[in-house]
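Reading through the structure tokens given below for one structure.
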Amino acid sequence: MSNKVSPIVVEIVRNALNSAAHEMNNSLARSAFSPLIYEMKDCSVGIFDIDGQMLGQSAGLPIFLGNLDICIKILNDTVGIESHKEGDLYIMNDSYMQGTHVGDFTTVSPIFYKGELVGFTATRAAMLDVGAKVPGACIDSTDIYQEGIRMPPVKLIDQGVLREDVLNLISLNSRFHAAMKGDIGAQIAASRTGEKRFVEILDRFGLDVVREATKEIFRQAEQLDREFVKTLPDGTYYAEGCLDNDNYDLEHHVKVCCKVVVDGDNMVIDLTGSNPATKGAVNCGFAQTIAAARVAFKELVNPDAPICGGNFRNLDVIVPPGSIFAAEEPAPCQWYFSSLGLLIDLVVKALAEVVPDKAAGAHYGDSMVIFFYGTNPRRGNEFFTSCEATVGGWGGFDGGDGESALINMVNGDFKNLPVEFVEHTYPVEVQCYKIRQDSEGAGKYRGGCGVIRQYKVETDDCAIGTWFERSVTPAWGLLGGGDATPPYVVIEPDTPDEKRFLKGADLRLKRGSVVRLYTGGGGGYGDPKERCRDAVKRDIENGYISVERARAVYGWDQ
Amino acid sequence: MSYRLSADIGGTFTDVVCINDATGEYTTTKVLTTPEKLTNGIMKGFDEVIEDRYKQVQNIVHGTTSGLNAVIERKGAKCAVITTRGFGDVLEIGRGNRPDMYNNRYQRPRPLVPRKDIYEVDERTSADGSVKLPLQTASLEAIAGKLKDGGYESIAICLINSYLNPENEEKAAAWLKDYLGEGVMVITSSETAREWREYERTSTTVLNAYVSPITKSHLVALNTELKTRDFEGNLYIMQSNGGVMKDEIAVDKAVQILMSGPVGGAIGGTVCGRKNVIGVDMGGTSFDVSLIVDGQTEITVESNVEGFPALVPTVNIFSIGAGGGSIAWEEGGGMRVGPQSAGAKPGPACYGQGGTQPTITDANLVLGRIDPDHFLDGRMKLDIDAAKKAVSNFADKFGMDIPTAAEGILAIANHKMADAIREITVRRGIDPREFTLLAFGGAGPMHAAHIAEELGIEEVMIPAVPGGFSAWGMLQADIRHDAVRTQMAPIDEVDSATIDGIFDVLYEELCGVLAKEGISPDNAVFHKAMDLRYVGQEFTINLPVDDASAGAFDKEVAKKNFHSLHERLYGHSAPGDPVEMVNVRLSVMAASNKVPASPVEGVSGEPKAIREFPGVFDFKEQPVKVYNRSDIGMDSKVKGPAVIVELTATTVVPPAWTLTVNEMGSMVMVKE
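Right under this line is the structure:
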């Protein structure tokens, strides 16, 4: 405990910093042009101290937790911390620096107080289009140059003066110039909001008090992290799995290895053995690999508490050079989150036996994306493009069944598109959207079910792209629980032209073509034979499980 | 002599207010809510204030959380859902999202209707509104037996694209009503919420079907009791939209009253004599913030009922998990306050019901900001020793004395509430310093001055009867009804006559409802609005279009107003970009007989403190004077530190603040 600052003030400052970060996020959402930001919350903001340690954060998506600090360090290493001037703002998006795909832009801006550098604000937001080889996102990129513009830290605002030439250069690389300018403007506004609120907090409490309070806030967070890890038995825990493929080399699975070492109150997540970098776009920048490891840690430790620079000090991540998790030029990174989603699930799997009260069977795993594009005869043959993520089942856990039909872990509060929206907006009819019976991982506590969603094409000019994953390592069960049924996509089902696949780029369809998506369920927990008979009966009555499957797997004898 | 009565039924207490129409004088009482039969509690309260004068009561307004409680406790009606083949899981799948970011054990709210009670029928309406497959009666006949024998009290019919064309829903409803008879309520999605998005519309309809039968039997019971007491006036029900409607209309629109609980206070805020008001209502478990800008409440077109979306116009109330019962605790050597609450049981330590953790109420008590002998006007005795013990255990963890720790708890809580208000207002481009803070609810006036100080707000107002303010506010509400149609198209592609035509249809629909209210359209005011957005956006903005529709609808005026509203709300606009219309809305209001509150009469001069006891402010022990509110008159002036007690609330006047009474009988605090 600090001698100088009362715990009351520490707590007031802690809440004020988090509130300031929320306000930054509100400011970003309020002024953004792109629904990716204001609707899907594909963004993250934070306020940082002079060492780049987080004081307050507000993340829209789980996967955006905690790697803005690395961007600040990269900036300071690149331009030198002494070169910052009041009113500067930098922008960057290089995958190998910020970690995510180039579609996300990161800004960093120094905060000055009475002429002294005292910290930074940082924001990250997804852009609608960054000039990839196709609109939106590539499914089959084989190097990063196909994925859009790539920027190291570039000074966008010089001592309060916007560099129009730089802004024009960046926005000219997007298919939507005005929207990109608007969204960058929203990031600038958010950054300024954070700066203003931080300065107000300094005015109110004084720089010295805030610095002392910050030390104590960090100490508390670190103590909580350490207290939790200390409850785990020392040892080495391991889990591995693989992605189906990188969508370039279809013959080989992409391996993810995850060794977790617990030693006293420290934890190491070691990814040694994971796949070398691939030609297809499942690579990930180092910074985002760290973020994903932190997300996994966060799932286990105080999931509801806000994070700060004191967190993760007892977490070390070993990332093998040359692997998919430390992508280097020119490895493509568009689908980085497929690898990271698996990594997060595997950390929980590795530790499942020692954290039974936090673990759950695996969830269906990936975003299960389908794109439709072509021309829309109902709207004067104008070009349309749609992008949907598809829901699936989550894992069962000690005390409860997994949910059916939820969005995947890394996508948080993301919403699916309503059938009535899809039919109104695009030339397709949705023919069904329903729970996929018997797709759950069986268990004493069963996994949730995936879904079936079927479309019929109502235009002569249409193509689809799909990114479905996790058929080779479907959602696994825990402690005797069964694995769930994997996903797939089928076109023209029940006809001679029927074709099954998972990932597909630019598949041309004709009017009347049918596309049916099957997403996987979640893994089960515990022996299905021990499942409460009333629960089995209810599952049959409600059609989650067929009587045949109940008899075969759950030992149902009625 | 005529009177109006209102009852605000909360989870623990029912507040009752009786206004004398001629003088504006009112009496209030607070009785225990009787969840097993709400009528008992209500009538006990009514009897107390009106005695045998029911014949002279013109109007009764009644706001209830009974429907909401039925949802929370899953004690609603047994319902079936009829939907389009292939889409039986709309209700369970929802939008697939989850609010808990890092929780791998997330469980969504259990659907109100289990999968086995959802039936699919053969029918289909296309996205252009045409019927692609007429309702196949054979598929209804196939499930008829199950529907009849299933013990269903209500049936919700929710078909894909019925927002465009309700034909198939109406056919199914007619068939089912005929087949099932009077005993089963049949409700269609197109009559409940004729808006697009199948999950939100289905959820709204199912909520309606789930709570309507209960609401109906409650209203029947209440009517019966009132009849036996010779009540001959109108019984109105408070709606989530801030208006009231007659009880017989409420019977099959129960979804519209689900979120009416905290609305009365916001309506009261619109007639408190200030144009710009931040209303704060603090009770045992929550802290509700409402905004009144330029005399108007903010209405949102979609709300959330226990995790289920409801397409029901609702007064926007922001709830923060901080109340008198919020618990102070230690984590990692740090102090934390809330969001966990001791609730009503065991409640704060000072309730003496076995609570051992210190709460905000306990902190207020040990600091002398609540008079233990005058809590709830002396109806509940507080155990100050239990409060001290709880706070003392907490203080020891930080090596503090009791008063310091207690002030710390309150300081943390007050800052949190101020932070939350700042986020809400700044997000809307509003500067809180230009507002009056109106505090009500049992605990609101205890914290108001401190919160105002944090926000730079200069004036704090505490209405007469702060604890019953929501019930009082209900008596200020107008009759209100809303109608909506989804019409999606770029506004430039729709001719103005079409839009006028939609408004005409909505007008006829609302006139039908007005007729049931016994009101002529000439005595009502209609407001036109549209939900608009830029093409490509998902979110819409609700734009009033009265001035664009004085004669024939004027698109150019509507577009111009849309751009400027977008600019105000989001900080940018794109006047060159195409604007899309999504929903067309018409609302109608018929004014109620508003009576201004009257000041307390007959009291004047400096009030006399009923007692003085040691309190703590700014970490210093200071004597605190305790006053009865009834002793404070128009010319009174009370300097802090002081505490003002009354039946429904306690007001804290901190040092350096002065309290006076205004012309409406409200107490006003300002800092010197």
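So the sequence lines, in the order shown, correspond to chains P and A. In this text, residue positions in the first sequence follow full-length UniProt numbering: the first is 1, and each later residue adds one. In this text, residue positions in the second sequence follow full-length UniProt numbering: the first is 1, and each later residue adds one. C-beta atoms are modelled at their ideal positions from N, C-alpha and C, and glycine is treated no differently.
**Request:** Give a yes or no on whether 9 Å exceeds the smallest Cβ distance from His415/A to chain P.
**Result:** Yes, because at least one Cβ of chain P sits closer than 9 Å to the Cβ of His415/A.
**Request:** Give a yes or no on whether the minimum CB-CB distance between Ala420/A and chain P is below 9 Å.
**Result:** Answer yes: the Cβ-Cβ gap between Ala420/A and chain P drops below 9 Å somewhere.
**Message:** Measuring CB atoms only, is the region 12-27 of chain P touching the region 268-285 of chain P, in the sense that at least three cross pairs come out at less than 8 Å?
**Reply:** No: the two stretches stay apart, fewer than three of their Cβ pairs being nearer than 8 Å.
**Prompt:** Using the beta-carbon of each residue, which ones in chain A are nearer than 8 Å to Gly400/P?
**Reply:** Listed by position along chain A, the residues whose Cβ is nearer than 8 Å to that of Gly400/P are Arg105 and Gln107.
**Asked** Can you tell which of Val472/P, Lys444/P, Leu162/P and Ala221/P has its C-alpha closest to the C-alpha of Phe397/P?
**Response** Nearest to Phe397/P by alpha-carbon distance, out of Val472/P, Lys444/P, Leu162/P and Ala221/P, is Lys444/P.
**Item:** Any chain P beta carbon closer than 9 Å to Asn161/A
**Value:** So yes, Asn161/A belongs to the interface.
**Request:** To the nearest angstrom, report how far apart Ser2/P and Gly333/A are at their CA atoms.
**Result:** The predicted position of Ser2/P is uncertain, since its pLDDT is 44 and thus under 50; a value taken from the coordinates is nonetheless stated next. A straight line joining the alpha-carbon of Ser2/P with that of Gly333/A spans about 11 Å.
**Message:** If we require 3 or more residues per run, which beta strand (DSSP E) segments fall completely within the region 423-507 of chain A?
**Reply:** Taken in chain order, the whole beta strand (DSSP E) runs of length 3 or more contained in the region 423-507 of chain A are 436-440, 459-462 and 479-490.
**Message:** Run through chain A and tell me which residues come within less than 8 Å of Phe414/P, C-beta to C-beta.
**Reply:** Below the 8 Å Cβ cutoff, chain A contributes Gly96 and Asn97 as neighbours of Phe414/P, in chain order.
**Asked** Using the beta-carbon count (16 or more within 10 Å), is Ser564/A buried or exposed?
**Response** Ser564/A sits exposed, since fewer than 16 C-beta atoms from the chains shown fall within 10 Å of its C-beta.
**Request:** Identify, in the order they occur along the chain, each residue of the same chain with its Cβ nearer than 7 Å to the Cβ of Gly347/A, setting aside the five sequence neighbours on each side.
**Result:** Result list for Gly347/A: Gly325, Gln353 and Gly355, in chain order.
**Message:** Whole angstroms are fine: how far does the CA of Ile370/P sit from the CA of Gly504/P?
**Reply:** Distance from the CA atom of Gly504/P to the CA atom of Ile370/P, rounded to whole angstroms, is 9 Å.
**Request:** Using a Cβ-Cβ cut-off of less than 9 Å, give me the residues of the region 196-209 of chain A that come near chain P, in sequence order.
**Result:** Hits within the stretch, in order: Trp196, Arg197, Glu198, Tyr199, Glu200 and Arg201.
**Item:** Asp270/P (DSSP reduced to helix, strand or coil)
**Value:** Looking at Asp270/P - three-state DSSP - the assignment turns out to be strand.
**Selected residue, minimal CA-CA separation from Thr495/P, among Leu343/P, Leu156/P, Leu507/P and Arg516/P** = Taking each of Leu343/P, Leu156/P, Leu507/P and Arg516/P in turn and checking the Cα distance to Thr495/P, the smallest one comes out for Arg516/P.
**Asked** To the nearest angstrom, how far is it from the Cα of Ile81/P to the Cα of Pro152/P?
**Response** Their Cα atoms are separated by approximately 16 Å.
**Request:** Run through the region 70-154 of chain A for me and flag every whole beta strand (DSSP E) of 3 or more residues, listed as ranges in chain order.
**Result:** Within the region 70-154 of chain A, the complete beta strand (DSSP E) runs of at least 3 residues are 79-84, 118-121 and 131-133.
**Request:** Determine the DSSP secondary structure at Pro233/P, reduced to helix, strand or coil.
**Result:** Residue state, collapsed to three classes: coil.
**Item:** Min CB distance Thr404/A to chain P below 9 Å
**Value:** It does; some Cβ of chain P falls within 9 Å.
**Request:** Starting from the Cα of Val260/P, find the closest Cα among Gly477/P, Gly273/P, Ile324/P and Gly380/P and give me that residue.
**Result:** Closest by C-alpha distance to Val260/P, out of Gly477/P, Gly273/P, Ile324/P and Gly380/P, is Gly273/P.
**Asked** Any Cβ of chain P within less than 9 Å of the Cβ of Pro654/A?
**Response** So no, Pro654/A is outside the interface.
**Request:** Return the residues of the region 500-516 of chain P that lie within a Cβ-Cβ distance of less than 9 Å from chain A, sorted by chain order.
**Result:** Under the 9 Å Cβ criterion, the region 500-516 of chain P contributes no residue.
**Request:** Please work out which residues of its chain come closer than 7 Å, Cβ to Cβ, to Ala59/P, disregarding the five sequence neighbours upstream and downstream, and give them in chain order.
**Result:** The answer, listed in chain order, is Ser44 and Leu65.
**Request:** Since I believe Val315/A is in contact with Gly242/A (beta carbons under 8 Å), could you give me their beta-carbon distance rounded to a whole number of angstroms?
**Result:** Sure, about 4 Å apart at Cβ, within 8 Å.
**Message:** Under 9 Å, CB to CB, which of the residues in the region 531-555 of chain P have a partner in chain A?
**Reply:** Residues of the region 531-555 of chain P with a C-beta less than 9 Å from any C-beta of chain A: Arg538, Glu541, Asn542, Gly543 and Tyr544, listed in chain order.
**Request:** Say whether chain P places a C-beta atom closer than 9 Å to the C-beta of Asp431/A.
**Result:** By this cut-off, Asp431/A is not an interface position.
**Rounded distance between the beta-carbons of Ala190/P and Asn67/P, thought under 8 Å** = With 8 Å as the limit, Asn67/P and Ala190/P do not qualify as a contact, their Cβ atoms being about 17 Å apart.
**Asked** Nearest to Gly151/A by alpha carbon, out of Leu159/A, Gly129/A and Val184/A?
**Response** In terms of CA proximity to Gly151/A, Val184/A leads the group Leu159/A, Gly129/A and Val184/A.
**Asked** Taking Val186/A as the reference, which of Asn103/A, Ile157/A, Pro166/A and Arg194/A has the closest Cα?
**Response** Answer by Cα proximity: Ile157/A.
**Candidates Ile63/P, Phe468/P, Phe218/P and Thr485/P, of which the one nearest Ala362/P by Cα** = The residue with the shortest Cα to Cα distance from Ala362/P is Thr485/P.
**Message:** So with CB distances below 9 Å, who are the chain A contacts of Ile370/P?
**Reply:** Under the 9 Å cutoff, chain A gives no residues; its nearest Cβ is about 14 Å from Ile370/P.
**Prompt:** Which term fits Gln558/P, buried or exposed, when burial requires 16 or more other beta carbons within 10 angstroms of its beta carbon?
**Reply:** When all chains shown are included, Gln558/P counts as exposed.
**Asked** Who are Leu5/A's beta bridge partners in DSSP?
**Response** Answer is Cys18/A and Ile60/A.
**Message:** Quick check on the DSSP output: what are the complete beta strand (DSSP E) runs of length 3 or more inside the region 96-157 of chain P, in order along the chain?
**Reply:** List check, beta strand (DSSP E) in window: 104-113 and 116-126.
**Asked** What residues in the region 115-147 of chain A have a beta carbon less than 7 Å from any beta carbon of chain P?
**Response** With the criterion set as a beta carbon lying under 7 Å from some beta carbon of chain P, the members of the region 115-147 of chain A are Arg115, Lys116 and Ala127, in sequence order.
**Message:** Looking at chain P, is there any beta carbon in it that lies within less than 9 Å of the beta carbon of Phe435/A?
**Reply:** No, Phe435/A lies away from the interface with chain P (no Cβ there is under 9 Å from its Cβ).
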